[in-house]
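The block underneath contains the structure these notes are about, expressed in structure tokens.
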Amino acid sequence: MFLFPFFLYAETHYRLKYFFSLYKKSEPEIIADAPHRLDPDKPYPIMILVKDAHIYPIELLSVKVTLTQSAKKIYSHTFEFSPGISLSTHYWNKIIEIPFHGSLASTFGLMYGDVQIVTKQNGKLHVTRNNNHRFTSKTPLKFFRSKTHLPAINNWIYGDAHTHSTYTEDQVEFGSPISAAPKLCRAMGLSFFGVTDHSYDLDDTIDNYLLNDPNLPKWKKLQFEIDRVNLRENGFAILRGEEVSCTNSNNDNVHFLLFGNKKFFHGSGDGGEKWFKTQSEYSIQEILMLKEKNVVTYASHPTEEVPFLQRLLLKRGEWAVADMAEKELNGIQILNGETSEAFFRGMDIWKWMLRRGEKKFLLAGNDAHGNFNRFVQISIPMLSFRESENQIFGKMKTAVFTHEISESAIIESIGKGRTVVTNGPLLVIELETDSPDIGKIGEMVTGNTFVVKLHAETTGEFGKFFSIKIFHGVIGKNEQKLFEVKEFSNPYSIHTISNWYRAENFSYIRAELITHNAHGIDRDGFCYTNPIWIRPR
């Protein structure tokens, strides 16, 4: 049982008994993927991913990469493998790096990468262009090589908090290999990502996604691999987690992000593994009660509208406001791949909760299952694909304040709301009060008067400053704009201190940044901070 849409690498080999699949081929899936953005001092890493070669063994003979800019060829090279690489494993990947030196050193801006992969199967040559899925466009990979790194402020790092790996695998979808992801992330300027695979996939056997195993070998293998890769990486962290299917207050299935959990939560209600059995094992409240002490919890894309068929057959629903207001819940991941209507509806709910005194934080992710460049996924099972440039790994970012780039330190910061959500620009605020306290994002300060200190950074890639708004919300009353900055002597960097203001009631301060006229992939940029709370003496 399965329903659409899916936002993942496409699993093309499964078909229901007695049904015909238009896209099934007696070949392994072959996919070329690469970051949508590149830092100026990094080579461009292109990942060649091959899945199910244990069913359909092949030999990899060569990979030809051609880069173009403004319809002109700027680079072409064929990577020959002699002898050919024999592939006969479930998953296999290789990263090919394109160095930007010599004539390419001064080449920046939007480019396209066309990847031609030559393989041999049963003595016959096959040529794959970017992917070997039937009925897809084979469009080259699009990426932006920036002249600058991501905007920087001391101790703030960027990452993607909601991604899926190869441990998410079933009849229609699979994710990206954990071991390869750090190199692609570093090329984009990211310092971490969260692995939040589906609970209904993590209880499967290692080699068969149609069978469950009560000993949880897949979950245990995931823990081991995250530990191994984190030990290997320096200055980069993978956050272990889980996206649990559970029931909301209306008894519908919703998704729940856990970070740092080593205790597995079963959640099979909307996994489509058993027809008409849609009851999940836990409720939101039960997970909050039973989780380990230091586990951080966020509602997963809580305001995204659920398609009718998923409501009908999988009993999927949305998070109710009462669910989002649960005391032990750290926050809500309302930014999920794009600034859609669902995001702005989530912002309205978040601001309403803040005014009620709920201490909830924002989180950003992309729900990417691979898709570092674009996704090519199944639209109608066994019939068709869809392609899009949304849900791209690392496009929507969570920036985290931390003194240490480690799994535990980043998870702790996410739990305490020391974060902002952004597609590139960076805005942070601090509060000084008439007490010795200095409040940072996510914290609470005590005082009767306060001054706002703000620091914002952007680059030409993400656009010039257009406006910075500071909001003051009084608990139990309305939120109002405290002040707005619209004139900038430096359109890319600002440090400023506001006037002194009074805080006669329990309240909070938060900030929003908008940029425009960007040279990168997006025309406009944004950054939304989490609040700083003020408690009068």
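For the sequence shown, numbering that gives the first Met the number 0 gives the first residue as 0, with consecutive numbering after it.
Ideal Cβ placement from N, Cα and C applies to all residues, glycine included.
In the DSSP assignment, LEU124 is bridged to LYS119. Burial check for ASP32: the Cβ neighbour count within 10 Å reaches 16 or more, so the residue is buried. Judged by pairs of C-beta atoms under 8 Å, the stretch 198-205 does not touch the stretch 296-303, as fewer than three such pairs exist. Around the beta carbon of PHE80, fewer than 16 other beta carbons lie within 10 angstroms, which makes this residue exposed. A check of alpha carbon separations from ARG509 across ARG417, ALA517, PRO490, THR338 identifies ARG417 as the nearest.
Between PHE307 and PHE235, the beta carbon gap of about 41 Å keeps them out of contact (Cβ cut-off 8 Å).
Check the Cα spacing between GLY271 and each of LEU37, THR528, GLU172, LEU221: the tightest is with GLU172. Counting every other CB atom within 10 Å of its CB across the protein chains shown gives PHE134 a total below 16, marking it as exposed. DSSP, reduced to helix, strand and coil, places PRO150 outside both helices and strands of the structure shown, so it counts as coil.
In the same chain as LEU109, and ignoring 5 residues on each side of it, the C-beta atoms closer than 6 Å to its own belong to PHE143, in chain order. Separation of THR457 and HIS402 (C-alpha to C-alpha, rounded to the nearest whole angstrom) is 22 Å. According to the DSSP assignment, GLN332 belongs to the beta strand (DSSP E) that extends over 330-335. Secondary structure at VAL305: coil, using DSSP grouped into helix, strand and coil. Secondary structure within the stretch 29-91: not one fully enclosed alpha helix (DSSP H) run of 4 or more consecutive residues is present. PRO27 counts as buried, since at least 16 other C-beta atoms from the protein chains shown sit within 10 angstroms of its C-beta.
Look at the stretch 184-219 and you find these whole runs of alpha helix (DSSP H), each 4 residues long or longer: 198-201.
With a beta-carbon spacing of about 6 Å, HIS518 and GLU460 fall inside the 8 Å limit used to define contacts.
If you draw a straight line from the Cα of GLY101 to the Cα of GLY438, it comes to about 48 Å. The beta-carbon separation of ILE440 and PHE400, rounded to 7 Å, stays under the 8 Å limit for a contact. Non-local C-beta neighbours of ALA319 in its own chain, meaning closer than 7 Å and more than five positions away in sequence, comprise ASN247, SER248, ASN249, ordered along the chain. The beta carbon of LEU140 sits closer than 6 Å to those of ALA33, GLY112, ASN372, all from its chain and outside the five residues before and after it, given in chain order. Per DSSP, reduced to three states, the secondary structure at MET395 is coil, with no helix or strand assignment. The beta carbons of ILE333 and GLY316 sit no closer together than 8 Å.
Looking at PRO56, ALA70, TYR74, the one whose alpha-carbon comes closest to that of LYS63 is TYR74. ASP226 is bridged by DSSP to nothing; it lacks a bridge partner. For HIS163, the closest of GLU442, SER492, GLY393 by C-alpha to C-alpha distance is GLY393. Counting C-beta pairs closer than 8 Å gives three or more between the stretch 461-472 and the stretch 521-533, which meets the contact rule. Looking at HIS125, THR432, PHE107, the one whose alpha-carbon comes closest to that of ALA502 is THR432. Counting C-beta atoms within 10 angstroms of its own C-beta, ILE496 has fewer than 16 neighbours from the protein chains shown and is therefore classed as exposed. In this structure LYS314 is in contact with ASN252, their Cβ atoms being roughly 5 Å apart against a cut-off of 8 Å. A straight line joining the alpha-carbon of TYR500 with that of VAL451 spans about 9 Å. Note that the C-beta distance between ASN214 and GLU406 is not below 8 Å. For GLY158, the secondary structure class from DSSP, reduced to helix, strand or coil, is strand. Excluding five sequence positions before and after LEU512, the CB atoms of its chain that fall closer than 6 Å to its own CB belong to PRO424, LEU426, ALA455, ILE467, CYS526, given in chain order.
Contact annotation: THR296 and LEU257 have beta-carbon atoms nearer than 8 Å.
The stretch 446-482 is shown to contain whole beta strand (DSSP E) runs of 3 or more residues at 448-456, 463-473, in chain order.
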